[in-house]
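For the record, the sequence lines run as chains A and B.
Counting from 1, position 114 in the first sequence corresponds to residue 114 in the working numbering; the numbering is continuous, with no gaps.
Counting from 1, position 139 in the second sequence corresponds to residue 139 in the working numbering; the numbering is continuous, with no gaps.
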Amino acid sequence: MTYEYFMSMLIPMLEGAKATVLLFVLAIVLSIPLGFLLTLAVRSSIKPISFLAQTYIYVMRGTPLLLQLLFFVFGLPLLPVIGEYLVLDRFVAATLAFILNYAAYFAEIFRGGLLSIDKGQYEASQVLGLSKWQTTVRVILPQMFRVTLPPIANESVSLVKDTALLYAVAVPELLHYAQTVVNRDFTIIPFFIAAGIYLLIAFGLTVVFKYLERKLQYD
Amino acid sequence: MSFIEVRNLQKSFGSLEVLKDISFDVEQNDVLAIIGPSGSGKSTMLRSLIQLEQVGGGSILVDGDYLVNNGVYTSPADSKKINAKMGMVFQQFNLFPHLTVKQNLELAPKLVKKEKAKEYSNRAIELLDKVGLASKADEFPSRLSGGQKQRVAIARALMMNPEILLFDEPTSALDPQLTKEVLHVMKNLAEEHMTMIVVTHEMEFASSVANRVIFMDDGMIVESGSPDEIFKTPKEQRTKQFLNYEMNE
Chain A
1 MTYEYFMSML IPMLEGAKAT VLLFVLAIVL SIPLGFLLTL AVRSSIKPIS
51 FLAQTYIYVM RGTPLLLQLL FFVFGLPLLP VIGEYLVLDR FVAATLAFIL
101 NYAAYFAEIF RGGLLSIDKG QYEASQVLGL SKWQTTVRVI LPQMFRVTLP
151 PIANESVSLV KDTALLYAVA VPELLHYAQT VVNRDFTIIP FFIAAGIYLL
201 IAFGLTVVFK YLERKLQYD
Chain B
1 MSFIEVRNLQ KSFGSLEVLK DISFDVEQND VLAIIGPSGS GKSTMLRSLI
51 QLEQVGGGSI LVDGDYLVNN GVYTSPADSK KINAKMGMVF QQFNLFPHLT
101 VKQNLELAPK LVKKEKAKEY SNRAIELLDK VGLASKADEF PSRLSGGQKQ
151 RVAIARALMM NPEILLFDEP TSALDPQLTK EVLHVMKNLA EEHMTMIVVT
201 HEMEFASSVA NRVIFMDDGM IVESGSPDEI FKTPKEQRTK QFLNYEMNE
């Protein structure tokens, strides 16, 4: 195999990898804060808010991501009355589905993180006169974030691989280009290249999260 | 007028009455020890004073202001002011694990009192020195022994310049050696006339450092008086039984 031929496979795949990475970055950056808001909603003392948030998490975690993707990309425009306003760019619709789906998982991770914090931390904050907001931001969140880093890292790696689901809604990404070359040239090599790129991204994430874990270590 | 006046305090968890008609006073400079068997309500009583527990009835008057008057709490803004006069030290220390020792001390003065960095930093060093832990200023709590943690917790409470310190079984999680170093710090505070209420199982501390002792059992104050009265000439049968048991431990 010549270098030129290899590059002719690699370059369109790298193009596809751009979509993969863009989706990953958008989804992670937006679903984490949204997930945290969901956690707060679940813990809300206002019953309807808590109930809605719990139902939302149940639905998003209880149905396949692929189904949600198909719904957002192809299903939304079919809704009666409002459907015609919901014809989104396929990439945008898919990204939305990813954000909304992963937010539900992050919400559960954060909920677990909050549960792990001893009630003595709240009591100590209270007797020192800290407000609820100060307690949350200065005492609880830093500890919660430290506890939830490993599961967040885990979800991130899952997210990288789940981006391949874009294939099913015909948004060109890494796997799409690999498959195209496989079909065109009848060679299996692009699959290995694709696997290599996914592994590379996963490796990068592992390094970043390991660094964060060490940086936030306090025991 | 006493610094703290507690009148007819009541509290129930469901149908279980944990505080039954508790009344007592604390004067400025008092070191009040509260002793009694586990489950007697002494921790609940202490925690009620600083609003970690809501009471069902009765009154708590602190420095002339009602925290609770006949079961009705004052406004959140006022109760915050009242609580700020008190500091609390917990059995489990409750240090902030993600902050260094010095940051633990500085957090509240910085956020709550909006003090200048120089001011709280100097005081933090001063107080760490006072509890013998100046060398640990930049360590995380997880690197400290239990006794050291509790001394940091005491320094942290002192950072807010409270007029009274509440101790909730401060040495119950410590072995005898570490207990000693914590009691030593508390003894020094008593000698500087810090007003303190100490819920404790340390009879030796109660008898030698406290100027008044309350014996609680089953949600009630059974007997109170000077250490000599309680430890040498207890009047009530229940007090005698409890002390016999504790002394033979």
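We put the CB at the ideal spot given by N, CA and C, even for glycine.
As the structure is a prediction and not an experimental result, all values here were calculated from the model.
Item to check | Whole-number beta carbon distance between residue 214(B) and residue 60(B), since they are thought to touch under 8 angstroms | outcome: Here residue 60(B) refers to the residue found at position 60 of the second sequence. Here residue 214(B) refers to the residue found at position 214 of the second sequence. Incorrect: roughly 15 angstroms between the Cβ atoms, too far for contact.
Checklist entry - If we cut at 8 angstroms on Cβ distances, does residue 72(B) have a partner in chain A? => result On the second sequence, residue 72(B) is found 72 positions in, with the first residue counted as 1. When Cβ-Cβ separations below 8 angstroms define contact, residue 72(B) makes no contact with chain A.
Checklist entry - Can you name the start and end residues of the beta strand (DSSP E) that residue 86(B) belongs to? => result Position 86 of the second sequence, counted from the start, is the residue given in the question as residue 86(B). Segment 86–89, the beta strand (DSSP E) holding residue 86(B).
Checklist entry - Per DSSP, what kind of secondary structure is residue 113(B) in: helix, strand or coil? => result Numbered from its first residue, the second sequence carries residue 113(B) at position 113. DSSP places residue 113(B) in coil when its eight states are reduced to three.
Item to check | In DSSP terms, what residue 303(B) is bridged to | outcome: Within the shown structure, residues of chain B are numbered from 1 to 249, placing residue 303(B) beyond reach of any answer.
Next on the checklist: For residue 43(B) and residue 117(A), what's the separation of their Cα atoms in angstroms?
Outcome noted: Here residue 43(B) is taken as the residue at index 43 of the second sequence, counted from 1. Here residue 117(A) is taken as the residue at index 117 of the first sequence, counted from 1. Each residue's alpha carbon lies about 22 angstroms from the other.
Checklist entry - Roughly how many angstroms separate the alpha carbons of residue 74(B) and residue 67(B), rounded to a whole number? => result Taking the first residue of the second sequence as position 1, residue 74(B) is located at position 74. Taking the first residue of the second sequence as position 1, residue 67(B) is located at position 67. The alpha-carbon atoms of residue 74(B) and residue 67(B) are separated by roughly 6 angstroms.
Checklist entry - If we call anything under 8 angstroms between Cβ atoms a contact, is residue 194(A) one with residue 178(A)? => result Along the first sequence, read from residue 1 onward, the residue named residue 194(A) stands at position 194. Along the first sequence, read from residue 1 onward, the residue named residue 178(A) stands at position 178. Contact: yes.
Item to check | Below-8 angstroms beta-carbon distance, residue 134(A) vs any chain B residue | outcome: In the first sequence, residue 134(A) corresponds to position 134, counting from 1. Judged by the 8 angstroms Cβ criterion, residue 134(A) is in contact with chain B.
Checklist entry - Quick one: is residue 138(A) near chain B, going by C-beta distance under 8 angstroms? => result One-based indexing of the first sequence puts residue 138(A) at position 138. Chain B, which has a Cβ nearer than 8 angstroms to the Cβ of residue 138(A), makes this yes.
Next on the checklist: Just to make sure I have the definition right: I need the residues of chain A whose C-beta is within less than 8 angstroms of the C-beta of residue 80(B). Which are they?
Outcome noted: Counting from one through the second sequence, the residue named residue 80(B) turns up at place 80. Taking a Cβ-Cβ cut-off of 8 angstroms, the neighbours of residue 80(B) in chain A comprise 129, given in sequence order.
Item to check | Whole-Å CB distance - residue 219(B) paired with residue 41(B), under 8 angstroms assumed | outcome: By one-based count along the second sequence, residue 219(B) stands at place 219. By one-based count along the second sequence, residue 41(B) stands at place 41. The pair is a contact, with the Cβ atoms about 4 angstroms apart (cut-off 8 angstroms).
Next on the checklist: Mapping the DSSP letters down to three states, classify residue 157(B) as helix, strand or coil.
Outcome noted: Locating residue 157(B) in the second sequence gives position 157, where the first residue counts as 1. Assignment of residue 157(B) by DSSP, reduced to helix, strand and coil, places it in the helix class.
Checklist entry - Closer than 8 angstroms, CB to CB, is residue 80(A) near chain B or not? => result Translated into the one-based positions of the first sequence, residue 80(A) becomes position 80. Judged by the 8 angstroms Cβ criterion, residue 80(A) is not in contact with chain B.
Checklist entry - Is residue 12(A) near the ligand ADP, with its Cβ less than 7 angstroms from a heavy atom? => result With respect to small molecules bound, the structure shown includes none, and the ligand ADP cannot be examined in it.
Item to check | Alpha-carbon spacing of residue 138(A) relative to residue 108(B), whole angstroms | outcome: One-based indexing of the first sequence puts residue 138(A) at position 138. One-based indexing of the second sequence puts residue 108(B) at position 108. When rounded, the distance between both Cα atoms is 10 angstroms.
Checklist entry - Taking Cβ positions only, does residue 112(A) come closer than 8 angstroms to chain B? => result Taking the first sequence and counting its residues from 1, the one referred to as residue 112(A) is at position 112. No - not a single Cβ of chain B is within 8 angstroms of the one on residue 112(A).
Next on the checklist: I need the straight-line Cα distance from residue 113(A) to residue 104(B), nearest angstrom please.
Outcome noted: The sequence position of residue 113(A) within the first sequence is 113, counting from 1. The sequence position of residue 104(B) within the second sequence is 104, counting from 1. Near 21 angstroms, if we compare the C-alpha coordinates of residue 104(B) and residue 113(A).
Checklist entry - Quick one: is residue 117(B) buried, meaning 16 or more other Cβ sit within 10 Å of its Cβ, or exposed? => result Numbered from its first residue, the second sequence carries residue 117(B) at position 117. Answer is exposed; the Cβ neighbour count stays below 16.
Next on the checklist: Within a Cβ cutoff of 7 angstroms, which residues of the same chain sit near residue 199(B), ignoring the five residues on either side of it in sequence?
Outcome noted: Along the second sequence, one-based indexing puts residue 199(B) at 199. Excluding positions up to five away in sequence, the list reads 34, 42, 43, 46, 167, 168 and 169.
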